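Protein chains in written order, with our numbering: chain A, 343 to 409; chain B, 445 to 655; chain C, 491 to 717; chain D, 891 to 1136.
Ideal Cβ placement from N, Cα and C applies to all residues, glycine included.
Since the structure is predicted, the reported quantities are computational estimates derived from the model, not experimental observations.
All remarks here apply to the structure that follows.
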C-alpha cells in the first residue's frame, strides 16, 4: 500500500482534487450510462405489455359487437 | 423460352411506424396487363408502389423484373420503368417545355419536337413557355403526364394519375393506357376511378387497413 | 432505349441548376453577401489594428467561406426533394452518382466560384500581404469544391427532415476541419513568402478522394432519405 | 462465405447470442474494474515527476483507446449493415454510439483534469485532445442524425452512412490535427517500441483497459437487446418473451 493513512490516500500527494474529480466523473458517467440502458429496457417491456393489453381490449370489443 | 412474367412481387412485407401495412404479399403482372390497387387511405397503397419502384426497401421479400431482382441492377430496371407519384416531379421555376425536355434527357430519350404538339394535345396550348408554378394543379399534372406519350418504358407505375384531371383528360389517358397495353406494356396504378368499364382484363388487388 | 450518353445527362442536370440559379438571382448573391458581412464583422469585433488583422486574415476568410458554402447547401436537394424530381433522378437509367456529381458541380459554380473571384477584394479588406493573395485564391479554388462535396453528403442525409439545417452543419463541420487547417496554413506560409506547395498538394489529394467517394455516399444517402 | 454468421442475422438468434455473452462480459468487467482501480489508485508506485497526479492515466488512456475502438467497431458494423443489408448490424451501430460518446467524454474530462496539474491549464489545444474533441462531434453527429428521423429503418441506414463517412475522415482529421500541433507527450504504450512506462504501472493500466472494454461490451449488449426488442416488438417471440416476464 503506497499510502500510510486514509487521509494521505485522499490527499493524493496534493493532487487529490484532480484525481478524485476525474475518477468521480468517470464513475458517474459509467453509472449513468448503465442505469439509463437498464431503464430503457424496462420501459420497453412495459410498452409491449401495454400494447398487448390494448389489443386484448380491442378483440374483446369486436367479439361483443358480433355476439 | 419460359415466358417469365414481367413483374413478380414475392412475399413482400412492410411495416411503417410500428404498424404492419401488409404481410408476405405476392402477385405478378404479365406484359399487356393492367392492375389496379384499391384500398382505404392509409392501407399502404403508396408504400407498395414505392417499394415496387425501388424507392423504398421492403422488410422482407423481393421484387423481380423479368426474372431478375431489381436490387441487383437497378439502373437496367429503371430504364424500363416510368414512375409518376403524388409529387409530379415538375419544377415550378422552369417552363413546361423545359421540364419535359429535362425529363427526357435524364431518362436517356431523344428530345423530339413532338413534345410541343403533345403539350397542346393535352390542353396546354399557349402555356408551354410559362413557368409551371403559374399553372393550376391539374395543368401541372398534365405536364407530368406528357411523359406517357414520349417514353417506351415497359412498366408504368402511376400513383392516382387521374387526380385533378377533367373528363377529357381522363379519356385521353385511358386511350393512351390501352395503346400501351396493346404494345405489350404493363400498368400498375392506384385510383379511386372505376376502370372496369374501360378495361375488361383489369386485375385488382385490395389492401385492407390493418391495425 | 436511346443510346446512353452520360454527357447528355450531366450537362442537362448541370444546366438546369445553373439556369434555376440565374432565374433567382438571390441564390448567387446571398452567399456572397453573407461572406462579405462575416468578413467585416471581425475587424469590428477585434479592432482595426492592421498587424492583427493581417495575422487573422487567412483564418477569417476561410471560416467565412466555410459558413457561406453551408448556407448554399441547404437548397441543393431540398427543392428537388419537395417537387419530386429527386425521385425521377433516382428512377433514371443513368447512375445516380453521375447526376449527383453534376448537381455538386453546379452548386460549386453558383456558390464556390464567385467566392474565388471575389477573394482578392476580401483580401484587400483584411489588408493581407500581396504575396499571400495568390495562395488565398489558389486554396479557395481547390478548397471550395471540396467543401461542396463534403457538404453535399450532409445535405443528402438531412434532406428529408424538416429541421435539417442545423443538424446538417453539426454533421458537416467536423469533416471540414482538415480542409480548414491545410488551407489556412498554406496562406500563412505564403504570407511569410515560403513555399506552400505541400499544403496545396494535400488539399488536391483530398479533393481527388472526395470527388470519387463523395458521390457514392451522397447517392446512397439520397436513396435513404427518399425511402 | 461467412456462413456461420448468417443465423445471427435473424433477430431472435441475435437476441439469444447477447444473452449468452452477457455473463462473461459482466464478470470480466466487475473483476477487472475493481482490481484495476484499487491497484492503480492505492498500490501502484507514484511517478517520480508527477507524483500521484499521474494516476489519472489509469482511466484517461483506457477511455481514449476505447473511444477510438468503439468508433472503429461501429464503423465495421455500419459497413456490414450497408453492404450485406443485415438489419442487426444497423442496430449494433446505434447501440455502440452512445457508449463510444461516453468513453470520449470521459477521455476529455480526465485529459483536462490531468492537464491542469501537468500543463497548468484546463484546456490545452494539444493534438490528441483536439482529435478526441472532434471524435466527440462525430459521435454526436451520428446520434443526432439517428434521432432526427421518425422512421427508424431509414434512421439506422442514414446513421450507418454517416458512421462510414466519419471513419474515412478519422485518419485525415487525426493526421491533420497531429500535423497542426504536436504538444502532447509521446505515446506511453505503443505496440511498436518498448513502452515508456515501468511494468509496475503497466499491469494495472492493462487491467483497466480490459475492464473498460468489458464495460463497453456489457452496455452495448444491453442496448442491442433493447434495439432488437424495439424493432421486433410485433413479433410473437417478443410478446411471448415479455409475457414470460424475462
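Give a yes or no on whether 7 Å exceeds the smallest Cβ distance from residue i to chain D.
{"i": "residue 364 (chain A)", "result": "yes"}
{"i": "residue 711 (chain C)", "result": "yes"}
{"i": "residue 647 (chain C)", "result": "yes"}
{"i": "residue 600 (chain C)", "result": "no"}
{"i": "residue 377 (chain A)", "result": "no"}
{"i": "residue 400 (chain A)", "result": "no"}
Can you look up residue i in the DSSP assignment and give me helix, strand or coil?
{"i": "residue 1013 (chain D)", "result": "coil"}
{"i": "residue 609 (chain C)", "result": "helix"}
{"i": "residue 612 (chain B)", "result": "helix"}
{"i": "residue 908 (chain D)", "result": "helix"}
{"i": "residue 630 (chain B)", "result": "strand"}
{"i": "residue 656 (chain B)", "result": "Since the first residue of chain B shown is 445 and the last is 655, residue 656 (chain B) is not available in this structure."}
{"i": "residue 1040 (chain D)", "result": "coil"}
{"i": "residue 1122 (chain D)", "result": "coil"}
{"i": "residue 913 (chain D)", "result": "helix"}
{"i": "residue 648 (chain C)", "result": "coil"}
{"i": "residue 453 (chain B)", "result": "strand"}
{"i": "residue 422 (chain B)", "result": "Residue 422 (chain B) lies beyond the stretch modelled for chain B, which goes from 445 to 655, so this question has no answer here."}
{"i": "residue 504 (chain B)", "result": "strand"}
{"i": "residue 718 (chain C)", "result": "Residue numbering for chain C in the displayed model covers 491 to 717; residue 718 (chain C) lies beyond these limits and cannot be assessed."}
{"i": "residue 649 (chain B)", "result": "strand"}
{"i": "residue 937 (chain D)", "result": "strand"}
{"i": "residue 496 (chain B)", "result": "helix"}
{"i": "residue 1020 (chain D)", "result": "helix"}
{"i": "residue 459 (chain B)", "result": "strand"}
{"i": "residue 527 (chain C)", "result": "helix"}
{"i": "residue 1131 (chain D)", "result": "helix"}
{"i": "residue 566 (chain B)", "result": "coil"}
Count the other CB atoms within 10 Å of the CB of residue i; is the residue buried (16 or more) or exposed (fewer)?
{"i": "residue 653 (chain C)", "result": "exposed"}
{"i": "residue 640 (chain B)", "result": "exposed"}
{"i": "residue 573 (chain C)", "result": "buried"}
{"i": "residue 1055 (chain D)", "result": "buried"}
{"i": "residue 1117 (chain D)", "result": "buried"}
{"i": "residue 537 (chain C)", "result": "exposed"}
{"i": "residue 1083 (chain D)", "result": "Note that residue 1083 (chain D) scores 38 on pLDDT, short of 50, meaning its location in the model is unreliable; the coordinates nonetheless yield the value given after this. Exposed, since its Cβ has fewer than 16 Cβ neighbours within 10 Å."}
{"i": "residue 504 (chain B)", "result": "exposed"}
{"i": "residue 1018 (chain D)", "result": "buried"}
{"i": "residue 394 (chain A)", "result": "exposed"}
{"i": "residue 364 (chain A)", "result": "buried"}
{"i": "residue 523 (chain C)", "result": "exposed"}
{"i": "residue 516 (chain B)", "result": "exposed"}
{"i": "residue 906 (chain D)", "result": "exposed"}
{"i": "residue 495 (chain B)", "result": "buried"}
{"i": "residue 583 (chain B)", "result": "buried"}
{"i": "residue 519 (chain C)", "result": "exposed"}
Since residue i contacts residue j with CB under 8 Å, what's their CB separation in whole angstroms?
{"i": "residue 981 (chain D)", "j": "residue 1114 (chain D)", "result": "6 Å"}
{"i": "residue 628 (chain B)", "j": "residue 511 (chain B)", "result": "So it is not a contact: roughly 16 Å between Cβ atoms."}
{"i": "residue 918 (chain D)", "j": "residue 949 (chain D)", "result": "Their Cβ separation, rounded to whole angstroms, is 17 Å, which puts residue 918 (chain D) and residue 949 (chain D) out of contact at 8 Å."}
{"i": "residue 934 (chain D)", "j": "residue 1090 (chain D)", "result": "6 Å"}
Of all the CB atoms in chain C, is at least one closer than 7 Å to the CB of residue i?
{"i": "residue 535 (chain B)", "result": "yes"}
{"i": "residue 519 (chain B)", "result": "yes"}
{"i": "residue 567 (chain B)", "result": "no"}
{"i": "residue 532 (chain B)", "result": "yes"}
{"i": "residue 962 (chain D)", "result": "no"}
{"i": "residue 549 (chain B)", "result": "yes"}
{"i": "residue 990 (chain D)", "result": "no"}
{"i": "residue 1028 (chain D)", "result": "yes"}
{"i": "residue 451 (chain B)", "result": "no"}
{"i": "residue 527 (chain B)", "result": "yes"}
{"i": "residue 624 (chain B)", "result": "no"}
Would residue i count as contacting chain B if we go by Cβ distances under 7 Å?
{"i": "residue 654 (chain C)", "result": "no"}
{"i": "residue 506 (chain C)", "result": "yes"}
Got a sec: does the ligand ATP put a non-hydrogen atom nearer than 6 Å to the Cβ of residue i?
{"i": "residue 625 (chain B)", "result": "The ligand ATP is absent from the structure shown, which contains no ligand whatsoever."}
Measuring only between beta-carbons, confirm whether residue i sits less than 7 Å from chain A.
{"i": "residue 1119 (chain D)", "result": "yes"}
{"i": "residue 937 (chain D)", "result": "no"}
Contained alpha helix (DSSP H) runs [length at least 4] in the segment 464-493 of chain B, N- to C-terminal order: Runs of the alpha helix (DSSP H) lying entirely within the segment 464-493 of chain B, each at least 4 residues long, are absent.
Contiguous beta strand (DSSP E) assignments of at least 3 residues, all confined to the segment 506-562 of chain B: Restricted to the segment 506-562 of chain B, the beta strand (DSSP E) segments that are unbroken, complete and at least 3 residues in length are 525-528, listed in chain order.
Only counting runs of 4 or more residues, tell me where the alpha helix (DSSP H) segments fall wholly within the segment 916-986 of chain D, in order along the chain. Qualifying alpha helix (DSSP H) stretches, in chain order: 947-974.
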